[in-house]
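Before any comments, here is the structure.
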Amino acid sequence: METLLSKYKTVKEEDVKVWFKAASVDAFPKDGGACVKYKDLQIAVFNFSRLNTWYACQNLSPEKQEMVLSRGMLGDHKGIPKIACPLHKKTFSLLTGENLNGDLDPIATYPVKIEGENVYIGFSD
1 METLLSKYKT VKEEDVKVWF KAASVDAFPK DGGACVKYKD LQIAVFNFSR LNTWYACQNL
61 SPEKQEMVLS RGMLGDHKGI PKIACPLHKK TFSLLTGENL NGDLDPIATY PVKIEGENVY
121 IGFSD
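Residue numbers (the UniProt record's numbering): 1 to 125.
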């Protein structure tokens, strides 16, 4: 049986088959996140303007199974951009999805590109 968590799989840029137009750049807060729906997935998209970089990951908190990561706190851990879950403060690398606390499975991450004024998220299907 497919669980909610098992629907989310990291996509590497070289495996992208679909660049999904998420929204305009203005739809995302600076140094913050917003949730985007793609098929039956909820994806957290972050405008980490302090680093002039965009990131995307699953919106699903692996511990609480709630769609909350887009509302988490952006930060960095020894130079690694990270998101902290607003429910339990567990932190995840936005580069690899690794749980920086070391006690949870990694989250899925997705490539992001900006073209013109639009934000695109890469998916493999």
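By construction, the Cβ of each residue, glycine as well, lies at the ideal position given by its N, Cα and C atoms.
Looking at the strands, I want to know which residues DSSP matches up with residue i.
i, result
"serine 124", "None; serine 124 has no bridge partner."
"asparagine 99", "Phe92"
"phenylalanine 46", "Tyr55"
"threonine 10", "None; threonine 10 has no bridge partner."
Alpha carbon to alpha carbon, what distance is there between residue j and residue i?
i, j, result
"alanine 56", "alanine 23", "13 Å"
"serine 61", "proline 106", "10 Å"
"lysine 89", "methionine 67", "14 Å"
"serine 93", "leucine 100", "7 Å"
"glycine 102", "valine 16", "28 Å"
With a cut-off of 8 Å on the beta carbons, I'd call residue i and residue j a contact; round off their distance for me.
i, j, result
"asparagine 47", "lysine 30", "6 Å"
"phenylalanine 20", "tyrosine 120", "6 Å"
"isoleucine 83", "valine 25", "That pair is no contact at about 19 Å."
"residue 127", "asparagine 59", "Any question about residue 127 goes unanswered here, given that the chain covers just 1 to 125."
Would you mind sorting residue i into buried or exposed? The rule is 16 or more other CB atoms within 10 Å of its CB.
i, result
"threonine 109", "buried"
"leucine 95", "exposed"
"glutamine 65", "exposed"
"lysine 37", "exposed"
Exercise. With a cut-off of 8 Å, do at least 3 Cβ pairs link the region 116-124 to the region 8-23?
Worked result: yes
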